[in-house]
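Take 0 as the starting number for the sequence shown in numbering that gives the first Met the number 0 and just add one per residue. Note that CB positions come from ideal geometry on N, CA and C, so glycine has one too. These numbers come from a predicted model, not from an experiment.
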Amino acid sequence: MAAPALLHDTDWVGSCEPHNPVLDLDILSFCVRSPHLVELAFTLADHGHTHVGHVVRLTEFTLADLANGDPGLARDLRLRLQKCGLDTAMVLEGWSAPANEVAADTLD
Numbered sequence: 000m001a002a003p004a005l006l007h008d009t010d011w012v013g014s015c016e017p018h019n020p021v022l023d024l025d026i027l028s029f030c031v032r033s034p035h036l037v038e039l040a041f042t043l044a045d046h047g048h049t050h051v052g053h054v055v056r057l058t059e060f061t062l063a064d065l066a067n068g069d070p071g072l073a074r075d076l077r078l079r080l081q082k083c084g085l086d087t088a089m090v091l092e093g094w095s096a097p098a099n100e101v102a103a104d105t106l107d
């Protein structure tokens with residue numbers, strides 16, 4: 000059996016791919032399995048953070064602010080992100096919203 004430290008390092012390396020497919024999910028689909036996060040997902044989308052890739056760029060303090068000052072909701076969203084190898088306040092070089100969403104934004 001591999002040492003626990005090696006398993007942790009392997010998980011970290013696996014999550015450092017240049018493009019995590021979860022980034023392209025819309026935030027509503029990402030939060031739908033956690034009913035207590037759905038209202039926060041709608042709020043995030045209303046503020047232009049329509050995809051997970053947009054949300055991971057936000058700090059936990061900004062998420063709490065958008066959650067009407069509830070740090071528990073921000074923490075729960077952060078835990079869901081971490082389960083997917085992501086976190087808050089990430090720097091995503093080269094990521095942009097999927098093409099179908101970019102086109103939809105120009106229609107508004």
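Check: The alpha helix (DSSP H) enclosing Cys30, as first and last residue numbers; Outcome: 26-30
Check: Cut-off 6 Å between Cβ atoms - residues of its own chain near Ala96, not counting five sequence neighbours on either side; Outcome: His50
Check: Beta-carbon proximity of Leu43 to Leu78, cut-off 8 Å; Outcome: no
Check: Buried versus exposed call for Ile63 [16 or more other C-beta atoms within 10 Å across all chains shown]; Outcome: In the sequence as displayed, the identity of residue 63 is Ala instead of Ile. By the neighbour-count rule (16 or more Cβ atoms within 10 Å), Ala63 is buried.
Check: Member of Asn19, Glu38, His18 whose CA lies at the smallest distance from the CA of Leu27; Outcome: Glu38
Check: Beta-carbon proximity list for His35, same chain, < 8 Å, skipping 5 on both sides; Outcome: Leu72, Asp75
Check: Separation of Thr58 from Val90, as counted between CA atoms; Outcome: 11 Å
Check: Status (buried if at least 16 other CB within 10 Å, exposed otherwise) for Asn67; Outcome: exposed
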